[in-house]
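Heads up: the structure comes next, in structure tokens.
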Amino acid sequence: MNLIHATAIVDAGAQIGTGTRVWHWVHISASAVIGDDCSLGQSVYVGNDVHIGRNVKIQNNVSVYDGVTLEDEVFCGPSMVFTNVYNPRSGVSRKSEYRKTLVRRGATLGANCTIVCGVTIGCYAFIGAGAVVNRNVPDFALMLGVPARPAGWMSRHGERLKFVGSTATCATTGEKYMLREGLCVLVEASQ
Numbered sequence: 044m045n046l047i048h049a050t051a052i053v054d055a056g057a058q059i060g061t062g063t064r065v066w067h068w069v070h071i072s073a074s075a076v077i078g079d080d081c082s083l084g085q086s087v088y089v090g091n092d093v094h095i096g097r098n099v100k101i102q103n104n105v106s107v108y109d110g111v112t113l114e115d116e117v118f119c120g121p122s123m124v125f126t127n128v129y130n131p132r133s134g135v136s137r138k139s140e141y142r143k144t145l146v147r148r149g150a151t152l153g154a155n156c157t158i159v160c161g162v163t164i165g166c167y168a169f170i171g172a173g174a175v176v177n178r179n180v181p182d183f184a185l186m187l188g189v190p191a192r193p194a195g196w197m198s199r200h201g202e203r204l205k206f207v208g209s210t211a212t213c214a215t216t217g218e219k220y221m222l223r224e225g226l227c228v229l230v231e232a233s234q
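Spelled out as structure tokens, the structure:
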């Protein structure tokens, strides 16, 4: 059963999964697809060409514009920003130029960060609060700053990894990670 607040607007045709909570003043467009067990905070907007996986948390004041896909277990922090046009002008219609943005499973997008359209955020990547992402982000990467730059690696559990040589262990789960060709990979998952 879903919880949809009385002030929310859900356009006819929107698909909302079981157990999803839609809070105050949310607007979900007609062609949006939202998975099970999600939470859409106050004043969230979801466009038509948007696909949201299961167990996604979208905090207050986030607009998920056309062309954005959020895979399962993505976290969108308060007031973070997506774009869908790279070079907007009020007097120039560019609706045919929307660039797709893909946020892969388990990624965290920190409060007030900006994701410039046309990028892929890797699985379990962690974008710090206020960062501006304007290029693809690898799996498990910690990205900070304006523009966002690599600042380390994060485990699936959201712990910063401390590499000794080319290996690291998540302090919470014991999962093992390795650096291969400059990228972080999970080599031994916890049960």
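All residue numbers for the sequence shown refer to our numbering, where the first residue is 44 and numbers rise by one. Each residue gets a CB set at the ideal place from its N, CA and C atoms; glycine is no exception. Keep in mind it's a predicted model, so treat the numbers as computed, not measured.
Checklist entry - Exposed or buried, what is residue 225 when buried is set at 16 or more other beta-carbons lying within 10 Å of its beta-carbon? => result exposed
Checklist entry - Should residue 117 and residue 99 be called a contact, given that it needs their Cβ atoms to be closer than 9 Å? => result yes
Checklist entry - Shortest alpha-carbon distance to residue 171 belongs to which of 162, 160, 201 and 161? => result The shortest C-alpha separation from residue 171 is found at 201.
Item to check | Which of helix, strand or coil DSSP assigns to residue 133 | outcome: coil
Checklist entry - Does the beta carbon of residue 214 fall short of 8 Å from some heavy atom of the ligand ATP? => result Annotation note on the ligand ATP: not contained in the displayed structure, which lists no ligands.
Checklist entry - Between the C-alpha atoms of residue 217 and residue 167, what's the straight-line distance to the nearest angstrom? => result 16 Å
Item to check | Chain-order list of residues whose beta-carbon lies under 8 Å from that of residue 121 (same chain, five-residue window excluded) | outcome: 84, 102, 103, 104, 105, 154 and 155
Next on the checklist: On a Cα-Cα basis, can you pick out the residue from 134, 183, 131 and 191 that is closest to residue 158?
Outcome noted: 191
Next on the checklist: Whole angstroms are fine: how far does the CA of residue 51 sit from the CA of residue 195?
Outcome noted: 39 Å
Checklist entry - Should residue 232 be labelled buried (16 or more other beta-carbon atoms within 10 Å of its own) or exposed? => result exposed
Item to check | Option in 95, 223, 115 and 54 with minimal Cα separation from residue 181 | outcome: 223
Checklist entry - So what does residue 186 bridge to, in DSSP terms? => result 170 and 193
Item to check | Same chain, Cβ closer than 6 Å to residue 69, five either side skipped, listed in chain order | outcome: Around residue 69: 51, 83 and 87.
Checklist entry - residue 124: which of 184, 78, 146 and 140 sits nearest, CA to CA? => result 146
Checklist entry - Whose CA, out of 76, 151 and 150, lies closest to the CA of residue 55? => result 76
Checklist entry - Can you give the Cα-Cα distance for residue 108 and residue 91, rounded to whole angstroms? => result Roughly 8 Å between the two C-alpha positions.
Next on the checklist: Quick check: the Cα distance between residue 151 and residue 162, rounded to an integer number of angstroms?
Outcome noted: 15 Å
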